[in-house]
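Data first, discussion second: the structure below is written as C-alpha cells.
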Amino acid sequence: MSAITRDEVAHLARLSRLALTDDELDHYATQLDAIIESVAKVAEVAAEDVPPSSHALPLTNVFRADEVRPCLTPEQALSGAPAVEDDRFRVPRILGEEA
C-alpha cells in the first residue's frame, strides 16, 4: 500500500499553488512514496538506546585564534571602486529609498 496517494499529491500541489500535469502527479506520488518508505525504514532501525546525532563521528570546530594581520587601508580598498562616497563604496539605489 502506498504511503501517499496521487490525490494527496494533487491536494498538496493545490495548497502550494503548483499547477501539475497528470504525469507530474503520478511521478511525484511515486517519488514521495519512496521517500516516505525510506524514512519509515530508518525509523524502524532507530533504537531507544541510541542517542540522536547529526553526524556518525564526533566533530569539533577547528577555529584559528584571532590575530591582528595587516590589511588594506580604506584608500587601497576603494582604489578600484567605480564610485566612492564618504570613504564607502557608492552603489545605485535599488529600492527607491530616500537618503
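By full-length UniProt numbering, the letter at position 63 of the sequence shown is numbered 63, and the numbering carries on one by one without gaps.
Ideal Cβ placement from N, Cα and C applies to all residues, glycine included.
As the structure is a computational prediction, the values presented were derived from the model and not from experiment.
Less than 8 Å between the beta carbons of residue i and residue j, yes or no?
{"i": "Phe89", "j": "Leu78", "result": "yes"}
Tell me, please, which residues DSSP counts as bridged to residue i.
{"i": "Arg88", "result": "Glu85"}
How many whole angstroms separate the CB atoms of residue i and residue j, which I take to be in contact at a CB cut-off of 8 Å?
{"i": "Leu32", "j": "Ile4", "result": "5 Å"}
{"i": "Val9", "j": "Ala40", "result": "Not really, about 18 Å apart at Cβ, beyond 8 Å."}
{"i": "Pro74", "j": "Asp87", "result": "5 Å"}
Secondary structure at residue i, three-state DSSP: helix, strand or coil?
{"i": "Glu67", "result": "coil"}
{"i": "Ala56", "result": "coil"}
{"i": "Arg14", "result": "helix"}
{"i": "Pro74", "result": "helix"}
{"i": "Glu24", "result": "helix"}
{"i": "Asp7", "result": "helix"}
{"i": "Ser38", "result": "helix"}
{"i": "Ala29", "result": "helix"}
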